[in-house]
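Note sheet for the following structure.
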Amino acid sequence: MPPNDLHRRKLFAGAALGTLLLGGCDRLAEDPGVQRVLASVEGLTRRVQRLLGGARALAPEYSEADLSPVFKANGTLDPDDEDYQDMAAKHFVDWRLEVTGLVEQPLRLSLDDLRAMPSRTQITRHDCVEGWSCIGKWKGAVLGDVLRQAGPRADARYVVFRCADPMDNGNPDSKYYESIGMEEAFHPQTILAYEMNDTPLPVAHGAPLRVRVERQLGYKMAKYLMRIELVDSYADIGSGNGGYWEDQGYAWYAGI
Ligand SMILES: Nc1nc2c(c(=O)[nH]1)N[C@H]1C(S)=C(S)[C@@H](COP(=O)(O)O)O[C@H]1N2
Ligand SMILES: [Mo]
Numbered sequence: 044m045p046p047n048d049l050h051r052r053k054l055f056a057g058a059a060l061g062t063l064l065l066g067g068c069d070r071l072a073e074d075p076g077v078q079r080v081l082a083s084v085e086g087l088t089r090r091v092q093r094l095l096g097g098a099r100a101l102a103p104e105y106s107e108a109d110l111s112p113v114f115k116a117n118g119t120l121d122p123d124d125e126d127y128q129d130m131a132a133k134h135f136v137d138w139r140l141e142v143t144g145l146v147e148q149p150l151r152l153s154l155d156d157l158r159a160m161p162s163r164t165q166i167t168r169h170d171c172v173e174g175w176s177c178i179g180k181w182k183g184a185v186l187g188d189v190l191r192q193a194g195p196r197a198d199a200r201y202v203v204f205r206c207a208d209p210m211d212n213g214n215p216d217s218k219y220y221e222s223i224g225m226e227e228a229f230h231p232q233t234i235l236a237y238e239m240n241d242t243p244l245p246v247a248h249g250a251p252l253r254v255r256v257e258r259q260l261g262y263k264m265a266k267y268l269m270r271i272e273l274v275d276s277y278a279d280i281g282s283g284n285g286g287y288w289e290d291q292g293y294a295w296y297a298g299i
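Residue numbers (my numbering): 44 to 299.
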């Protein structure tokens with residue numbers, strides 16, 4: 044059998060199995076839109092993960108004794124952006140997180156605003172697609188709480204994270220971005236972290252604010268957050284694949 048055929052057969056078998064497994068317990072599986080998602084391997088991973096653990100399944104949490112002595116910093120370590128550098132020099136007092144797009148009430152939140160909200164602290168393992176992992180402690184505001192304050196409109200399907208760091212020689216059009224679905228956005232462990240290991244988030248790890256999406260790979264966890272945008276599609280952002288690394292070929296759903 045030509046390798047392509049074999050590949051296609053495997054995909055088909057996987058999708059068929061997924062449909063079979065989900066058929067009895069999930070009405071959504073009958074929806075034609077969901078069928079299309081199921082047909083893709085990425086969709087299948089998501090559906091199977093949900094089947095095994097449920098949409099609300101928690102990523103494992105660890106104890107203080109498990110903390111990595113050194114947490115590797117990766118990707119951008121200090122954004123090549125004048126506005127960011129000015130804000131960093133003033134300890135981010137002028138920094139504001141904007142929440143825009145498909146919301147009833149756009150927001151502009153200072154770090155104090157975020158710190159005044161109920162917080163969540165979690166010790167989790169960060170897995171980078173490059174093959175390393177580190178365990179760290181994160182404290183921040185729950186993204187779902189921030190979104191509820193803004194009031195997502197019914198047509199909002201994705202939460203896009205806009206970052207300060209250009210990925211291509213300071214070119215402002217190349218700034219890092221990421222996106223997640225509403226389900227992941229309202230997951231209790233999805234937080235906007237302003238502290239790491241009991242200190243204010245260091246610049247190398249995304250100061251003043253980075254997202255933690257604990258059930259997915261490291262590249263989903265946008266650092267240097269500037270703006271959160273609710274959209275119904277990410278087709279018009281970047282090269283249209285939902286994130287900087289997705290535009291280079293990585294999967295949008297990066298489940299661990
Ligand atoms: N803005 C921004 N966010 C980013 C990146 C980046 O380069 N820029 N790199 C991603 C990748 S690949 C990983 S593994 C983690 C690294 O986070 P750390 O520096 O805290 O280890 O951040 C992710 N978020
Ligand atoms: Mo990564």
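Note that the Cβ used here is the ideal one computed from N, Cα and C, for glycine as well.
| Query | Result |
| --- | --- |
| Residue 253 Cβ short of 8 angstroms to ligand 1 heavy atom set | yes |
| Residue 262 CB to nearest heavy atom of ligand 2 below 8 angstroms | yes |
| Cα-Cα separation, residue 75 to residue 212 | Confidence at residue 75 is low in this model, with a pLDDT of 47, below 50, so the placement of that residue is unreliable and no value is reported for it. |
| Three CB pairs or more closer than 8 angstroms across the region 278–289 and the region 123–137 | no |
| Residue from 115, 163 and 90 whose Cα sits closest to the Cα of residue 246 | 115 |
| Closer than 8 angstroms: residue 256 CB and nearest ligand 2 heavy atom | no |
| Ordered list of alpha helix (DSSP H) runs contained in the region 115–195, each at least 4 residues | 125–132, 154–159 and 186–193 |
| N- and C-terminal bounds of the alpha helix (DSSP H) containing residue 210 | Here residue 210 belongs to no alpha helix (DSSP H), and DSSP marks it neither H nor E. |
| Same chain, Cβ closer than 7 angstroms to residue 78, neighbours up to 5 away in sequence not counted | Since pLDDT at residue 78 reaches only 48, below the 50 mark, its modelled position is unreliable, and no value is offered. |
| Beta-carbon contacts of residue 250 that lie in its chain and below 6 angstroms, excluding the five residues immediately before and after | 244 |
| Any non-hydrogen atom of ligand 2 within 8 angstroms of residue 286 CB | no |
| Contact test: residue 164 Cβ vs ligand 1 heavy atom, cutoff 8 angstroms | no |
| Cβ distance (whole Å) where residue 154 is taken to contact residue 267 below 8 angstroms | The Cβ separation is near 13 angstroms, so there is no contact. |
| Neighbourhood of residue 179 by C-beta distance below 8 angstroms, restricted to the same chain and skipping five residues each side | 110, 111, 114, 166, 167, 169, 239 and 240 |
| Residue burial classification, residue 120 (beta-carbon count within 10 angstroms, cutoff 16) | exposed |
| 7 angstroms CB neighbourhood of residue 209 in its chain, flanking five on each side removed | 123, 124, 215, 217 and 218 |
| Outcome for residue 161 when other beta-carbon atoms lying within 10 angstroms are tallied against a minimum of 16 | exposed |
| Three-state class that DSSP yields for residue 236 in the structure shown | strand |
| Check whether residue 146 and residue 194 have beta carbons under 9 angstroms apart | yes |
| Neighbour-count burial assignment, residue 175, 16 or more Cβ in a 10 Å radius | exposed |
| Touching by the beta-carbon criterion (3+ pairs, under 8 angstroms), the region 183–203 and the region 127–134 | no |
| For residue 20, the first and last residue of its enclosing alpha helix (DSSP H) | Coverage of the chain is limited to positions 44 through 299, which leaves residue 20 absent and any answer about it impossible. |
| Contact under 9 angstroms by Cβ, residue 222 with residue 183 | no |
| Assigned exposure category for residue 261 - 16 Cβ within 10 Å defines buried | buried |
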